[in-house]
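Sequence order for the protein chains is A and B.
Just so you know, we're using the numbering used here here: the first sequence kicks off at 5 and counts up by one.
Just so you know, we're using the numbering used here here: the second sequence kicks off at -15 and counts up by one.
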Amino acid sequence: MIANAADSVEPAVEAVLERVCLEGGYPLARAYVHLASIGEESQSSVWLLHRAYRSGGDMRTDSEIMQQPGPPAEGPAGEALRLGAAVWRSRYDASALGIPDLGKRACVCALPIFHNETAVGVLEFFGSAPCARDEDWVEALTDIASQLGHLVGRVRAQMRALRQQAGLARMSRVASMREVAGSLAHEVNQPLAAIVNYSGGALHLLEQGRADDEKLARVLDQVRIQAKRASGIIQDLRELLRHNDGRQDRLDLNQLIQRTADLLETTARDAGVKLRLELEENLPEIVGDDIQLQQVLINLVVNAIEAMDHSCAGRDVLISTRAGEQIEVVVSDRGPGMHDELLAKLFTPFFSTKPHGLGIGLSISRSIVEFHGGRLSGANNPDQGMSFRIRLPRVTNCPHA
Amino acid sequence: MEQPSTVYVVDDDAAMRDSLCWLLSSVSLRAKAYASADDFLADWDPSMPGCLLLDLRMPGLNGLELQERLVKDGHQIPIIFLSGHGDVPTAVRAMQAGATEFLTKPFSERFLLERVQAALEQDAQIRRHRRAAEVLEARYAVLTPREREVLHLVVSGKVNREIAEILCISPKTVELHRSNLMKKMHADSVPNLVAMCLSIDECREAARMDPTL
């Protein structure tokens, strides 16, 4: 997705080059736009070379993407970038730039592209004959360059948001909790199934009196190996979950909820659900692990979003905070709610009402909340839907503080 | 001479392959294991009887894709899917595409063997039908054009007098053709003859689907 950022800028740059070349009678133009800091993405900049030529009475143009490692350092373009101002050369030897199309009798105009007062790129137009500086024309071109600057700013912001989302998801590991659980089930079931097969086969042979010691020994050894494989997988998962144990930071829950809501905005919108926040001002801080608590929040909010199918009225999820003796977070949906017998099993591991669910989200969530000295409970709302309530101790009451 | 059936195990997990082959051999079933769908396709001889134990999630061609390929090529080998993680929509898809069974690991080995036996029986039945129909086809092939005409009319429920009218021949001639074709088809009664024709039709239908049959 991020790699496509250049794709959204390229056509705009190309259109600008084409328009200016035709209007200004320039046979050649170059553009460089920088989209992201080096090292963030491979495709972080756009370099375009644009040609305009006469063909049978009509002006035609074509563009190509140039393979250049970085921004132009030399020539009028490099100078415009350094100075942060338009550079005009009435008479310019273009052959020095390695552009064979133009001779020594050329003129050039280079303009920096600005975004937030930083030069993010440059436009460079070459004329085929010497030409004196025209201030009105420079102003018009500066205008065009600043429009491109706005576009670059928008694309950069999109890229940043995407990167943050990807980073957060990776960091919190929650977005992928379900995938982890899915592949965990697959991984563990594999050796378990092998054990069932090995032992089942051995029993058949014993029943038929066809068992021979050597074969049975091999199979028993395989059973042992597969059992160890299964326990190794579970051990790995424990490590993964324990990874963040012990972080005891002071946290602003409201901020954490806001960040979580931002992270899930797209998910909610895709499901046609609105996330509403009612956060109590000056909520006292709590102590804990923000990544783990965010896992819980994401899990509850995603559950709430999924609880509402398209038939539900009032499709919003309310996340509220309140400070009493304890700090309380409530995630409330307007879905169909739950029968009492299901409610009783809500936090049982591997219990799920969803076709794809593995039923470990809520049980892990409860463990995390309890690790923070708090409680997690779920109940039907009096009118519609259900609510999950996290109660966490204030800092002074926190046993881990 | 009946060929022995083979259970083809396709699973990327070495322990699954080894343990399944061990389990199958413990009840004297022939098993052949492959680490990928491509390995299986490269080695498999569709003319040999058998069934397929197919892992759902594999690198390369996955279980569903292999099934799709086999169905597309018109093969009718019974397939038992083995899945590491029960997933209802995938199971539904597999069953709709004609899978015999969809088992979630770990499964009871007795149940698996039961299903394998059922799948092999299903395969044997498909092959028996085909062979029986081949014999009937051969008998049908020696009928004269006139006898075939009479046969079709007999099967569609016409009596000799009606057949004679339709074909503009005497009832006596119809009687002669009828007795000849009954002998050639080895049919002892009209219902018997009807059953044979149905069987031929079914088999022709299947043969259009599966070029190896």
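Virtual Cβ for every residue (Gly too), placed ideally from N, Cα, C.
Residue interval of the alpha helix (DSSP H) (run including residue i)
i: B/R132; result: 129 to 139
i: A/Q296; result: 294 to 311
i: A/I368; result: 365 to 375
i: B/R41; result: Counting along the chain, B/R41 falls outside any alpha helix (DSSP H), and DSSP gives it neither H nor E.
i: B/K167; result: 155 to 168
i: B/N144; result: 144 to 151
i: B/L8; result: -2 to 10
i: B/Q51; result: 47 to 56
i: A/R214; result: Where A/R214 is concerned, there is no enclosing alpha helix (DSSP H), given that its DSSP letter is neither H nor E.
i: A/L268; result: 257 to 274
i: A/R439; result: The structure shown does not extend to residue 439 of chain A, since chain A spans only 5 to 405, so no value can be given for it.
i: A/D344; result: 344 to 348
Extent of the continuous beta strand (DSSP E) to which residue i belongs
i: B/V(-7); result: -10 to -6
i: B/F86; result: 85 to 88
i: B/A122; result: No beta strand (DSSP E) contains B/A122, which is instead part of the alpha helix (DSSP H) from 93 to 125.
i: A/M390; result: 390 to 397
i: A/V37; result: 32 to 38
i: A/T325; result: 320 to 327
i: A/A383; result: 379 to 384
i: B/E65; result: Per the sequence shown, the amino acid found at residue 65 of chain B is Phe instead of Glu. Here the beta strand (DSSP E) through B/F65 covers 63 to 67.
i: A/V334; result: 330 to 336
i: A/L281; result: 278 to 282
i: B/L13; result: B/L13 -> no beta strand (DSSP E), and no H or E assigned at all.
Per-residue contacts from residue i into chain B (C-beta, under 8 Å)
i: A/L209; result: S10
i: A/Q194; result: D(-3), A(-1), M0, G68, K89
Sub-8 Å separation of residue i and residue j beta-carbons
i: A/E68; j: A/L53; result: yes
i: A/E2; j: A/A327; result: Nothing can be reported for residue 2 of chain A: it is not among the residues displayed for chain A, which extend from 5 to 405.
i: B/S10; j: A/A198; result: no
i: A/V134; j: A/V112; result: In the sequence on display, residue 134 of chain A carries Pro and not Val. Not a contact, by the Cβ cut-off of 8 Å.
i: B/S20; j: B/D(-4); result: yes
i: A/Q194; j: B/G68; result: yes
i: A/K371; j: A/V335; result: Going by the sequence as given, residue 371 of chain A is Ser instead of Lys. No, these two residues do not count as a Cβ contact at 8 Å.
i: A/L39; j: A/V159; result: yes
i: B/R1; j: B/A17; result: yes
i: B/L38; j: B/V100; result: no
i: A/S152; j: A/V20; result: Checking the sequence, you will find Leu at residue 152 of chain A rather than Ser. Going by C-beta atoms, A/L152 is nearer than 8 Å to A/V20.
i: A/I295; j: A/L396; result: no
i: A/V37; j: A/V24; result: no
i: B/V139; j: B/V178; result: yes
i: A/G205; j: A/V227; result: no
i: A/R312; j: A/G339; result: Note that residue 312 of chain A is Met in the sequence shown here, rather than Arg. Cβ distance < 8 Å, so A/M312 and A/G339 count as in contact.
i: B/E93; j: B/L7; result: yes
i: A/L196; j: B/P90; result: yes
i: A/V200; j: A/A234; result: no
i: A/G96; j: A/A56; result: For the sequence presented, residue 96 of chain A should be read as Tyr rather than Gly. For A/Y96 and A/A56, no; Cβs fall outside 8 Å.
i: B/H59; j: B/P33; result: no
i: A/L281; j: A/D256; result: no
i: A/N303; j: A/S369; result: yes
i: A/E289; j: A/V399; result: yes
Listed by chain order, chain B residues near residue i by CB distance under 9 Å
i: A/G365; result: By Cβ distance, chain B contributes nothing, its closest Cβ being about 16 Å from A/G365, past 9 Å.
i: A/V223; result: S3, W6
i: A/Q226; result: A(-1), D2, S3, W6
Amino acids of chain B, ordered along the chain, whose beta-carbon sits closer than 7 Å to that of residue i
i: A/Q230; result: A(-1)
i: A/Y202; result: S3, W6
i: A/Q239; result: Per Cβ cutoff of 7 Å: no residues; A/Q239 is ~18 Å from chain B at best.
i: A/Q252; result: None at all; the shortest Cβ gap to chain B is about 36 Å.
7 Å Cβ cut-off: residues of chain A touching residue i
i: B/E93; result: V200, N201, G204
Per-residue contacts from residue i into chain A (C-beta, under 8 Å)
i: B/R41; result: H190
Any non-hydrogen atom of the ligand PLP closer than 7 Å to residue i Cβ
i: A/I238; result: For the structure depicted, the ligand PLP is absent and the ligand set is empty, with no information on it obtainable.
Inset, instruction - Run through the stretch 57 to 126 of chain A for me and flag every whole beta strand (DSSP E) of 3 or more residues, listed as ranges in chain order. - result: Within the stretch 57 to 126 of chain A, the complete beta strand (DSSP E) runs of at least 3 residues are 62 to 69, 91 to 96, 110 to 119.
Legend entry - Cβ contact check for the stretch 84 to 104 of chain B and the stretch 127 to 139 of chain B: 3 or more pairs under 8 Å: Look at the beta carbons and you see the stretch 84 to 104 of chain B not touching the stretch 127 to 139 of chain B: under three pairs across the two are nearer than 8 Å.
Inset, instruction - Determine contact between the stretch 161 to 172 of chain B and the stretch 128 to 146 of chain B, defined as no fewer than three beta-carbon pairs at a distance below 8 Å. - result: The stretch 161 to 172 of chain B vs the stretch 128 to 146 of chain B: in contact.
Inset, instruction - State whether the stretch 108 to 126 of chain B contacts the stretch 212 to 223 of chain A, with contact taken as three or more CB pairs (one from each stretch) at a distance under 8 Å. - result: No: fewer than three Cβ pairs fall under 8 Å.
Legend entry - Any 3 or more C-beta pairs closer than 8 Å across the stretch 68 to 87 of chain B and the stretch 44 to 56 of chain B: As far as the Cβ criterion goes, the stretch 68 to 87 of chain B touches the stretch 44 to 56 of chain B, which means the pair count is three or higher.
Inset, instruction - Report yes or no: do three or more beta-carbon pairs, one from the stretch 364 to 379 of chain A and one from the stretch -13 to 2 of chain B, lie closer than 8 Å? - result: With the rule of 3 Cβ pairs closer than 8 Å, the stretch 364 to 379 of chain A does not count as touching the stretch -13 to 2 of chain B.
Inset, instruction - Kindly confirm or deny that the stretch 144 to 157 of chain A and the stretch 121 to 132 of chain A touch, where touching means at least three C-beta pairs closer than 8 Å. - result: Segment contact: the stretch 144 to 157 of chain A against the stretch 121 to 132 of chain A, three or more CB-CB distances shorter than 8 Å; contact assigned.
Inset, instruction - Please confirm if the stretch 272 to 286 of chain A is in contact with the stretch 383 to 390 of chain A, defined as three or more CB-CB distances below 8 Å between the two stretches. - result: No: fewer than three Cβ pairs fall under 8 Å.
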